[in-house]
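Here the structure comes first, spelled out in structure tokens, and everything after it is commentary.
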Ligand SMILES: Cc1ncc(COP(=O)(O)O)c(C=O)c1O
């Protein structure tokens, strides 16, 4: 792995990236007729370095016990491992350990907050007014959300009668803030939005949006799934009240996610799941609950996965998150430039030169994303195709599906080239007339596109997964 003392804003040298790739056993395997695996789907889930696999294995081989539940030595060791993991992960995002709640994934973390609002809203005492929602209140989201940060708020709206509002997306992939004052008002109880879009790559101005939300008394929930693995996130300066992210996108195991929340809010926020391990005292009639974060961790927790995620974070820190960010940014620039040189390809999201996250989604004129994905897969290039759990965004873009390449620390410029070379086979296979390609056709976003007036030529109607 590269030394973190190297220049923080430089992408990895070939030698550095080769050393770093050596930490990932899966990258040596072949796919589809013995082709070298070119994995450009880390936005869906990243691969795991040996240190993570070893940490999980050691937990089970040496310390396996139910944490917070036993007085024997293994239980003590397992509890220490689990709580040390919490401290490591908290430090990585600039938080005290007590502000990190372990969940199964980001989806569960976001549901935890949404359910807390819902649980505060029925006729129960005591409750904190900030979490109580009713028909006179509002919930604000954006049109670029992953379903994980949309559906729970739709459900909360349905349960409480508080209407759901959303900020639309502009043609170049930024949020349309022109109506922010109308949409974000003193009726807004919660504003939930993504830090980095998993489709557009757009990086949203969290601090500025949070300041506006706080000025009207709203709580701010940030989906940090596509930011925490790719750029330095410090909750002390971010401006959010809660952030959620998944371990499996951060080189960690599946089955572990994080909800970070301000201590003061976690303390008054109602519990989500209830049962063992989250209580203080129980009688047959009623129970009182342990302080946060235990209050939100009912049942035997995913301790091995927490330990694995701490190992992942330690790996990222050793490599250097700033260097990872610089390397990924250079890879994305190379990909954006390569795609811009192909007039039959249209990238969604910010234009080349704009800072963006690690995901680049695009449309090939006249070819369904599933077909593009198959051609790439035949060449050993793994990408994601479909609506990437952001169906409303794709509707706003006027497309049914996109092909998305997403990078991680272990990707190389050669792999970007491999994708572009494989992509060059697409027009020939699907009989696309390159002379007809219109580089300026772009993709429609905004009211016209939403009304269906901008359609992709030859777009198949097959619905994406
Ligand atoms: C922006 C964003 N939010 C939320 C999620 C949901 O993550 P998970 O399925 O791990 O809960 C994803 C996963 O793709 C994502 O990209």
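In this note's numbering, the protein residues as written are 16 to 480.
Every residue, glycine too, gets a C-beta built ideally from N, C-alpha and C.
CA-CA distance, residue i and residue j?
i, j, result
"residue 305", "residue 332", "32 Å"
"residue 55", "residue 38", "17 Å"
"residue 128", "residue 277", "12 Å"
"residue 49", "residue 433", "15 Å"
"residue 449", "residue 359", "7 Å"
"residue 373", "residue 245", "7 Å"
"residue 377", "residue 202", "37 Å"
"residue 64", "residue 302", "42 Å"
"residue 459", "residue 431", "Residue placement at residue 459 is flagged as unreliable, the pLDDT there being 42, under the threshold of 50; the coordinate-derived value follows with that caveat. C-alpha separation (whole angstroms): 26 Å."
"residue 421", "residue 347", "8 Å"
"residue 28", "residue 261", "28 Å"
"residue 105", "residue 318", "15 Å"
"residue 298", "residue 292", "15 Å"
"residue 108", "residue 271", "16 Å"
"residue 423", "residue 149", "42 Å"
"residue 350", "residue 31", "20 Å"
"residue 334", "residue 35", "8 Å"
"residue 26", "residue 184", "31 Å"
"residue 133", "residue 146", "8 Å"
"residue 401", "residue 88", "49 Å"
Whose CA, out of the options, lies closest to the CA of residue i?
i, options, result
"residue 205", "183, 186, 177", "177"
"residue 82", "74, 75, 76, 91", "91"
"residue 143", "151, 45, 286", "286"
"residue 282", "266, 310, 401", "310"
"residue 340", "157, 241, 316, 214", "241"
"residue 216", "367, 338, 250, 147", "367"
"residue 371", "442, 210, 291", "210"
"residue 111", "118, 117, 103", "103"
"residue 154", "137, 135, 175", "175"
"residue 161", "47, 248, 446, 408", "408"
"residue 238", "207, 265, 228", "207"
"residue 95", "429, 36, 321, 362", "321"
"residue 369", "77, 404, 352, 171", "352"
"residue 313", "290, 229, 31, 330", "290"
"residue 126", "185, 168, 356", "168"
"residue 131", "398, 401, 363, 257", "257"
"residue 255", "343, 80, 186, 226", "226"
"residue 404", "101, 24, 151, 166", "166"
"residue 427", "357, 416, 345, 386", "345"
"residue 445", "399, 386, 413, 397", "386"
If we call anything under 8 Å between Cβ atoms a contact, is residue i one with residue j?
i, j, result
"residue 188", "residue 268", "no"
"residue 259", "residue 273", "yes"
"residue 391", "residue 438", "yes"
"residue 121", "residue 163", "yes"
"residue 395", "residue 51", "yes"
"residue 58", "residue 213", "yes"
"residue 199", "residue 236", "no"
"residue 99", "residue 326", "no"
"residue 484", "residue 411", "This structure cannot speak to residue 484, because the chain is shown only from 16 to 480."
"residue 68", "residue 425", "no"
"residue 316", "residue 97", "yes"
"residue 375", "residue 419", "yes"
"residue 171", "residue 182", "no"
"residue 179", "residue 156", "yes"
"residue 85", "residue 308", "no"
"residue 381", "residue 447", "yes"
Could you pull the start and end residues of the beta strand (DSSP E) that residue i belongs to?
i, result
"residue 304", "302-304"
"residue 361", "360-362"
"residue 34", "Not the beta strand (DSSP E): residue 34 falls in the alpha helix (DSSP H), residues 29-36."
"residue 238", "234-238"
"residue 206", "203-209"
"residue 117", "115-118"
Got a sec, what are the start and stop residues for the alpha helix (DSSP H) residue i sits in?
i, result
"residue 69", "65-73"
"residue 246", "Segment: none, residue 246 is in no alpha helix (DSSP H) and carries neither H nor E."
"residue 153", "That residue, residue 153, is in no alpha helix (DSSP H); its beta strand (DSSP E) goes 153-157."
"residue 353", "336-355"
"residue 388", "384-393"
"residue 101", "88-107"
"residue 126", "121-135"
"residue 481", "In the structure displayed, the chain extends from 16 to 480; residue 481 sits before or after that span and is not available."
"residue 145", "No alpha helix (DSSP H) holds residue 145; DSSP gives it neither H nor E."
Per DSSP, which one or two residues make a beta bridge with residue i?
i, result
"residue 294", "304"
"residue 260", "273"
"residue 375", "420"
"residue 327", "Residue 327 pairs with nothing; no bridge assigned."
"residue 181", "156"
"residue 56", "421"
"residue 401", "417"
"residue 190", "184"
"residue 552", "The question about residue 552 has no answer here: the residues shown for the chain are numbered 16 through 480."
"residue 218", "211"
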